[in-house]
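**Q** One rule links them: number in my numbering = place in the sequence shown (from 1) + 406.
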Amino acid sequence: MAGNAGAALDRAYRLVSHVRVLCDLSKALSGIQRLGCNRVNRAPRLTWYVTSLSSLLAGCGGEMSTMDVAGPAARDQFWIWWAMFAVSLFVAAMVFALWLFTFRRREQPQRTAREERRIMLRWVLGGGIALPVASIIALLVFAAPTGRGMLPLPLAEGEAERIEVIGHQWWWEVRYPGENGERDVVTANRLVMPAGEPVDFRLTSADVIHSFWIPRLGGKRDMVPGRHSTVRLEAESTGIFGAQCAEYCGAQHTHMLLHVEALERDEFEAWLAERRSPPELRGGFDEAQEAFGEHCAACHTVDGFPEELIVDDKSHDIQGPNLSDIGSRPTLGAGVLPMEEGAIGYWLQHHQTLKSGNRMPPHNQIDTEILEDIGAWLETLEP
Ligand code: CUA
Numbered sequence: 407m408a409g410n411a412g413a414a415l416d417r418a419y420r421l422v423s424h425v426r427v428l429c430d431l432s433k434a435l436s437g438i439q440r441l442g443c444n445r446v447n448r449a450p451r452l453t454w455y456v457t458s459l460s461s462l463l464a465g466c467g468g469e470m471s472t473m474d475v476a477g478p479a480a481r482d483q484f485w486i487w488w489a490m491f492a493v494s495l496f497v498a499a500m501v502f503a504l505w506l507f508t509f510r511r512r513e514q515p516q517r518t519a520r521e522e523r524r525i526m527l528r529w530v531l532g533g534g535i536a537l538p539v540a541s542i543i544a545l546l547v548f549a550a551p552t553g554r555g556m557l558p559l560p561l562a563e564g565e566a567e568r569i570e571v572i573g574h575q576w577w578w579e580v581r582y583p584g585e586n587g588e589r590d591v592v593t594a595n596r597l598v599m600p601a602g603e604p605v606d607f608r609l610t611s612a613d614v615i616h617s618f619w620i621p622r623l624g625g626k627r628d629m630v631p632g633r634h635s636t637v638r639l640e641a642e643s644t645g646i647f648g649a650q651c652a653e654y655c656g657a658q659h660t661h662m663l664l665h666v667e668a669l670e671r672d673e674f675e676a677w678l679a680e681r682r683s684p685p686e687l688r689g690g691f692d693e694a695q696e697a698f699g700e701h702c703a704a705c706h707t708v709d710g711f712p713e714e715l716i717v718d719d720k721s722h723d724i725q726g727p728n729l730s731d732i733g734s735r736p737t738l739g740a741g742v743l744p745m746e747e748g749a750i751g752y753w754l755q756h757h758q759t760l761k762s763g764n765r766m767p768p769h770n771q772i773d774t775e776i777l778e779d780i781g782a783w784l785e786t787l788e789p
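#1: Tell me which residues pass a beta-carbon proximity test against the ligand CUA: closer than 6 Å to any heavy atom, given in chain order.
#2: Would Met556 pass as a contact of Ala679 if the rule is Cβ separation under 7 Å?
#3: How many angstroms separate the CA atom of Gln516 from the CA atom of Glu522?
#4: Across which residues does DSSP place Ala594 in a beta bridge pair?
#5: Taking 8 Å as the cut-off, does the stretch 597-616 touch the stretch 626-633 (at least 3 CB pairs, one atom from each stretch)?
#6: Tell me which residue opens and which closes the alpha helix (DSSP H) that Ser541 is part of.
#7: What are the start and end residues of the alpha helix (DSSP H) that includes Val605?
#8: Drop a sphere of 10 angstroms on the beta-carbon of Tyr455, count the other beta-carbons inside from all chains shown, and report buried for 16 or more, exposed for fewer.
#9: Taking only runs that begin and end inside the stretch 714-770, name each unbroken alpha helix (DSSP H) of 4 or more residues, in chain order.
#10: Please list, in chain order, all residues of the same chain as Asp709 whose beta carbon is under 6 Å from its beta carbon, the five residues on each side excluded.
#11: Considering Cα atoms alone, identify which of Glu642, Thr660 and Ile772 is closest to Ala649.
#12: Select from Ala704, Leu715 and Gly690 the residue whose C-alpha is nearest the C-alpha of Glu696.
#13: For Gly573 versus His616, is the C-beta distance shorter than 7 Å?
#14: Comparing alpha-carbon positions, which option in Trp578, Gly624 and Thr508 lies nearest Val614?
#15: Count the other CB atoms within 10 Å of the CB of Met662; is the residue buried (16 or more) or exposed (fewer)?
#16: By the three-class DSSP mapping on this structure, what secondary structure does Pro631 have?
#17: Let's test the definition: count the other Cβ atoms within 10 Å of the Cβ of Thr593 and tell me whether it reaches 16, buried, or not, exposed.
#18: Work out the CA separation of Leu495 and Leu784 for me, nearest whole Å.
#19: Under 7 Å between the Cβ atoms of Pro604 and Ala566?
#20: Give the DSSP-derived three-state secondary structure of Thr805 in the structure shown.
#21: Going by DSSP, what residue range makes up the beta strand (DSSP E) through Phe618?
#22: Of all the CB atoms in chain C, is at least one closer than 7 Å to the CB of Val708?
#23: Please report the distance separating the alpha-carbon of Cys443 from that of Trp487.
#24: What whole-angstrom Cβ distance do Leu787 and Gly733 have, given they're in contact under 8 Å?
#25: For Thr552, I'd like the list of residues in its chain whose CB is within less than 8 Å of its CB, leaving aside the five on either flank, ordered along the chain.
#26: Using alpha carbons as the reference points, say which of Glu686, Gly690 and Gly726 lies closest to Phe711.
#27: What's the call for Asn595, buried or exposed, on a 16-neighbour Cβ count within 10 Å?
#28: For Asp779, count the other beta carbons within 10 Å of its own beta carbon; 16 or more makes it buried, fewer makes it exposed. Which is it?
#29: Compute the distance between the beta-carbons of Glu469 and Phe618, then report whether it is under 7 Å.
#30: Taking just the CA atoms, how far does Ser471 sit from Ser458?
#31: Given this structure, state the Cα-to-Cα distance separating Lys761 from Glu747, to the nearest angstrom.
#32: Alpha carbon to alpha carbon, how far is Thr518 from Leu527?
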């Protein structure tokens with residue numbers, strides 16, 4: 407027994423020496439002190455492992471971590487991922503072991519051509535066909551129920567809440583359809599949902615393909631122009647989750663963030679109710695409103711905004727975010743700036759620098775003071 411262990415250690419040591427020789431050779435050839443090779447030649451340092459591990463693990467948390475699951479769909483996907491990872495590790499280890507085995511074998515066994523063919527056929531059929539087929543079937547068995555759980559199937563206990571999300575370059579339109587003649591609640595770049603129950607997200611796009619993804623709740627799902635698809639997700643408890651467009655959709659794809667908040671059912675209802683009726687526009691901003699009507703209202707809607715102030719030159723086909731509750735949103739420009747006093751005025755002056763290529767034209771022809779006034783008024787817009 408002890409002899410066996412000793413022999414195994416000896417072999418392991420020899421393997422490491424081979425790697426060292428390769429490392430030294432590569433250094434001699436390139437003159438570069440390769441990071442990985444230095445590790446082999448040096449005694450492992452505890453601090454190095456601790457810092458590497460802690461920086462690795464730091465990626466496991468946060469608002470957008472698929473490791474920190476907060477809903478059933480994300481949890482299922484998390485386990486599928488780990489199962490796939492484990493199987494792939496196993497397969498890689500087997501391939502590596504076979505590879506080592508071929509090196510270790512000293513003498514070629516004497517076989518006839520027929521025997522060689524039979525052995526080769528066995529490997530091709532087993533490793534090339536049977537193994538992949540078995541893996542795919544196992545994966546299907548694992549993954550099919552997860553996929554099914556994300557379909558908008560009828561529920562035993564009433565209907566799931568339905569929220570429409572529309573992708574735009576580069577922002578999110580979120581709509582809460584009204585029932586029995588109620589008006590829709592429309593907001594942007596912020597998604598508020600009830601916690602502890604399934605929610606059906608009906609997805610589409612207004613321009614190019616985007617992808618809806620709330621990493622801690624599950625997904626992703628493509629948003630395809632001209633088509634609607636629905637994905638069912640659930641937040642197990644209240645909280646704030648990050649979401650990000652997950653399909654490259656143009657220059658500002660990275661600046662397409664969505665702020666997701668899961669609230670208790672009654673808080674969600676209250677949030678929705680206070681947005682169902684048009685807000686009272688705050689007085690004292692006549693000039694700002696006039697300027698908004700002239701420069702902004704052709705693309706941006708503010709519920710309850712006086713129609714007579716809207717100057718629509720009909721020269722555009724762009725739809726901008728609905729601004730009816732912009733003052734209550736946590737960020738501007740789909741995650742570019744945090745919402746704070748003066749932020750909208752600043753955004754209106756510098757939006758083409760902060761998020762270049764976005765569809766809102768530059769405002770160089772408008773006085774800074776007017777832009778700041780518009781910003782100050784917009785910040786008052788909350789239910
Ligand atoms: Cu929208 Cu990427």
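All C-beta atoms, glycine included, are put in the ideal place defined by N, C-alpha and C.
**A** Based on what the coordinates show:
#1: Near the ligand CUA, residues with a Cβ at less than 6 Å from any of the ligand's heavy atoms are Gly573, Trp576, His616, Cys651, Glu653, Tyr654, Cys655, His659 and Met662; the list follows chain order.
#2: Residue numbering aside, residue 556 sits at position 150 when the sequence shown is read from its first letter. Residue numbering aside, residue 679 sits at position 273 when the sequence shown is read from its first letter. No; because the gap between Cβ atoms is not below 7 Å, this pair is not in contact.
#3: Start at 1 with the first residue of the sequence shown, and residue 516 comes out as number 110. Start at 1 with the first residue of the sequence shown, and residue 522 comes out as number 116. Straight across, the Cα-Cα distance linking Gln516 with Glu522 is about 10 Å.
#4: Locating residue 594 in the sequence shown gives position 188, counting from the first residue. The partner list for Ala594 (beta bridge, DSSP) reads Glu579.
#5: Contact holds between the stretch 626-633 and the stretch 597-616, because three or more Cβ pairs, one in each stretch, are under 8 Å apart.
#6: On the sequence shown, position 135 is the one that residue 541 refers to. Looking at the DSSP string, the run of the alpha helix (DSSP H) that includes Ser541 is Leu537 to Gly555.
#7: Stepping through the sequence shown from its first residue, residue 605 is reached at position 199. Note, Val605: premise wrong, no alpha helix (DSSP H); beta strand (DSSP E) at Pro604 to Ser611.
#8: Taking the sequence shown and counting its residues from 1, the one referred to as residue 455 is at position 49. Flag for Tyr455 reads exposed.
#9: Correct list: 749-760.
#10: Position 303 of the sequence shown holds residue 709. Listed in chain order, the non-local C-beta contacts of Asp709 below 6 Å within the same chain comprise Pro684 and Ser730, local neighbours out to five positions each way being set aside.
#11: For the purposes of this step, residue 649 is taken as the residue at position 243 of the sequence shown. Comparing Cα-Cα distances from Ala649 to each of Glu642, Thr660 and Ile772, the minimum goes to Thr660.
#12: Walking along the sequence shown from the start, residue 696 turns up at place 290. Nearest C-alpha to Glu696: Leu715.
#13: On the sequence shown, position 167 is the one that residue 573 refers to. On the sequence shown, position 210 is the one that residue 616 refers to. Remark: C-beta atoms of Gly573 and His616 approach each other more closely than 7 Å.
#14: Position 208 of the sequence shown holds residue 614. Here the closest residue by C-alpha is Trp578.
#15: The residue you call residue 662 lines up with position 256 of the sequence shown. So Met662 counts as buried.
#16: Reading the sequence shown from its first residue, position 225 is the one you call residue 631. Residue state, collapsed to three classes: strand.
#17: Residue 593 sits at position 187 when you count from the first residue of the sequence shown. Counting Cβ neighbours within 10 Å, Thr593 comes out buried, since at least 16 surround it.
#18: Reading the sequence shown from its first residue, position 378 is the one you call residue 784. Reading the sequence shown from its first residue, position 89 is the one you call residue 495. One C-alpha to the other measures close to 54 Å.
#19: Within the sequence shown, residue 604 is the residue found at index 198, counting from 1. Within the sequence shown, residue 566 is the residue found at index 160, counting from 1. If you check the CB distance, Pro604 and Ala566 come in under 7 Å.
#20: The requested residue 805 does not occur in the structure, where the chain is confined to residues 407 to 789.
#21: For the purposes of this step, residue 618 is identified with residue 212 of the sequence shown, where counting begins at 1. In the DSSP annotation of this structure, the continuous segment of the beta strand (DSSP E) that includes Phe618 starts and ends at His616 to Ile620.
#22: Reference to chain C is not applicable here, since this structure consists of a single protein chain.
#23: As a first step, residue 443 must be located in the sequence shown, where it is residue number 37. As a first step, residue 487 must be located in the sequence shown, where it is residue number 81. For Cys443, the predicted structure reports a pLDDT of 44, less than 50, and the residue's modelled location is therefore unreliable. A value from the coordinates is still provided. Going by the C-alpha atoms only, they are around 31 Å apart.
#24: Position 381 of the sequence shown, counting from 1, holds the residue named residue 787. Position 327 of the sequence shown, counting from 1, holds the residue named residue 733. Yes, Leu787 and Gly733 are in contact; Cβ-Cβ is about 5 Å, under 8 Å.
#25: As a first step, residue 552 must be located in the sequence shown, where it is residue number 146. Ala479, Asp482, Gln483 and Ile486, listed in sequence order.
#26: By one-based count along the sequence shown, residue 711 stands at place 305. With distances taken between Cα atoms, Phe711 lies closest to Glu686.
#27: On the sequence shown, residue 595 is found 189 positions in, with the first residue counted as 1. Asn595 should be labelled buried.
#28: Here residue 779 refers to the residue found at position 373 when the sequence shown is read from its first residue. Buried, by the Cβ-count rule.
#29: If you number the sequence shown from 1, residue 469 lands on position 63. If you number the sequence shown from 1, residue 618 lands on position 212. For Glu469 and Phe618, no; Cβs fall outside 7 Å.
#30: The residue given as residue 458 occupies position 52 in the sequence shown. The residue given as residue 471 occupies position 65 in the sequence shown. Approximately 19 Å, taken between the alpha carbons.
#31: To locate residue 761, count along the sequence shown from 1; it is residue 355. To locate residue 747, count along the sequence shown from 1; it is residue 341. Lys761 and Glu747 have their C-alpha atoms some 20 Å from each other.
#32: Start at 1 with the first residue of the sequence shown, and residue 518 comes out as number 112. Start at 1 with the first residue of the sequence shown, and residue 527 comes out as number 121. Take the alpha-carbon of Thr518 and the one of Leu527: they are about 14 Å apart.
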